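J.:
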Amino acid sequence: MNDFIASLLGDWSTQINVWSSMLKLFLTIVFTAIIGSERATKRHDAGLRTFILVGLTANIAAILDLYILKDLGASFSLLTAAIMIGLAIIGSNTILFSSKNQLKGLTTSVSLWATGIVSAVMGFGLYSLAIIGYVVLILIIAIFPNMEKRFKNKSKRIELHIELESRSCLREFITTVRKLGFQISEIEINPAYANSGLGVYSVVLKMQTENLRKKTHKELIEALSSITCVSYIEEIT
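First residue of the sequence shown: 2, per my numbering; consecutive thereafter.
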């Protein structure tokens, strides 16, 4: 496979030597630091150091595999495969449910795995493909969340975490939201608050009237929070 950047740099960049290895490691550190910094600014557990370490590990594994394949005649990339499996295991352990029935850590898990794969591509000397991969990852992580929020805000369905003053208030809440023009698609009690004295639920509401569909989710939440029995309410994102 002919690589545009490698062809500009010269044959040394595609060979296994100190200078090509240093270039691969440098580029990996730069791009994974950008990705990690973005995650750190949003207070995610996996931040700058984690993403750099994942990138460096995958990059070095690919360089070693390249050496084993070319100079020792191995038939497959053992180290890179092991790293990818390890990242998949580590990533799965970062996914959990919060007390509000929110799935947490999924984007971080996939981002770590994707960063490892792209860093391995860099280690194999496919500079152009790796840089494109890094840029796409950065765009997806940094820009797409705002787009996703806009799409969700236009949705006719809204998923909510609702805390009622007591479980006996549930009937009143259901009656009120139906009068407002909502259809209750799902309602599930949250067991994490079983002994709190509150009635805590995860609720999915569907806007049935045209008037409700014209409002933003923020406006709908403000309206629902004014119901007398509602102690706290927020959208599950």
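Glycine included, each C-beta is placed from N, C-alpha and C at the ideal position. Keep in mind it's a predicted model, so treat the numbers as computed, not measured.
#1: May I ask you to list the residues that DSSP assigns as paired with V202?
#2: Pull the bridge partners of E220 from the DSSP assignment, please.
#3: Indicate, with yes or no, if the ligand NAD has a heavy atom lying under 6 Å from the CB of G117.
#4: Does the distance from the C-beta atom of I64 to that of A34 stay below 7 Å?
#5: Can you list, in chain order, the residues of its chain whose CB lies under 8 Å from that of F174, leaving out five sequence neighbours each side?
#6: Return the bridge partner residues of Y233 from the DSSP annotation.
#7: Within a Cβ cutoff of 7 Å, which residues of the same chain sit near A239, ignoring the five residues on either side of it in sequence?
#8: State the Cα-Cα distance for the pair L107 and D66, rounded to the nearest angstrom.
#9: Going by beta-carbon coordinates alone, are A7 and Y128 separated by less than 7 Å?
#10: Could you check whether the Cβ of A131 sits closer than 7 Å to any Cβ belonging to chain C?
#11: Please classify Y285 as buried or exposed, where buried requires at least 16 other C-beta atoms within 10 Å of its C-beta.
#12: Enumerate in chain order the residues of its own chain whose CB-to-CB distance from W114 is below 8 Å, with the five nearest sequence positions on each side excluded.
#13: If you draw a straight line from the C-alpha of I144 to the C-alpha of K153, how long is it?
#14: DSSP on K153, reduced to helix/strand/coil?
#15: Quick check: what's the CA-CA separation for I141 versus L57?
#16: With DSSP as the reference, label F145 as helix, strand or coil.
#17: Considering I228, what are the terminal residues of the alpha helix (DSSP H) in which it resides?
T.: Well, looking at it:
#1: Position 201 of the sequence shown, counted from the first residue, corresponds to residue 202. The question names Val, yet the displayed sequence has Tyr at residue 202. Per the DSSP secondary-structure output, Y202 pairs in a beta bridge with I163 and I190.
#2: Here the question's residue 220 lines up with position 219 in the sequence shown. Beta-bridge pairing links E220 to no other residue.
#3: Among the components modelled here there is no ligand, and therefore nothing to report on the ligand NAD.
#4: Along the sequence shown, one-based indexing puts residue 64 at 63. Along the sequence shown, one-based indexing puts residue 34 at 33. No.
#5: In the sequence shown, counting from the first residue as 1, residue 174 sits at position 173. If we look at F174 and ignore the five residues flanking it on each side, its Cβ neighbours are I163, L165, I228, C230 and V231.
#6: Along the sequence shown, read from residue 1 onward, the residue named residue 233 stands at position 232. Under DSSP, Y233 takes part in a beta bridge, and its partners are E164.
#7: With the chain covering 2 to 238 only, the question about residue 239 has no answer from this structure.
#8: In the sequence shown, the residue the question calls residue 107 occupies position 106. In the sequence shown, the residue the question calls residue 66 occupies position 65. Approximately 29 Å, taken between the alpha carbons.
#9: Translated into positions along the sequence shown, residue 7 becomes position 6. Translated into positions along the sequence shown, residue 128 becomes position 127. Yes.
#10: Considering every chain present, this structure includes no chain C. It has just one protein chain.
#11: Only positions 2 to 238 of the chain appear in the structure, and residue 285 is not among them; the question remains open.
#12: Position 113 of the sequence shown holds residue 114. Cβ neighbours of W114 beyond the five flanking positions: M85, L88, A89 and G92.
#13: For the purposes of this step, residue 144 is taken as residue 143 along the sequence shown, with counting starting at 1. For the purposes of this step, residue 153 is taken as residue 152 along the sequence shown, with counting starting at 1. The alpha-carbon atoms of I144 and K153 are separated by roughly 15 Å.
#14: Numbered from 1 along the sequence shown, position 152 holds the residue referred to as residue 153. If DSSP states are grouped into helix, strand and coil, K153 belongs with the helices.
#15: Residue 141 sits at position 140 when you count from the first residue of the sequence shown. Residue 57 sits at position 56 when you count from the first residue of the sequence shown. Roughly 21 Å between the two C-alpha positions.
#16: The sequence position of residue 145 within the sequence shown is 144, counting from 1. Of the three classes helix, strand and coil, the one that applies to F145 here is helix, per DSSP.
#17: Here residue 228 is taken as the residue at index 227 of the sequence shown, counted from 1. Unbroken run through I228: none, as it is neither H nor E.
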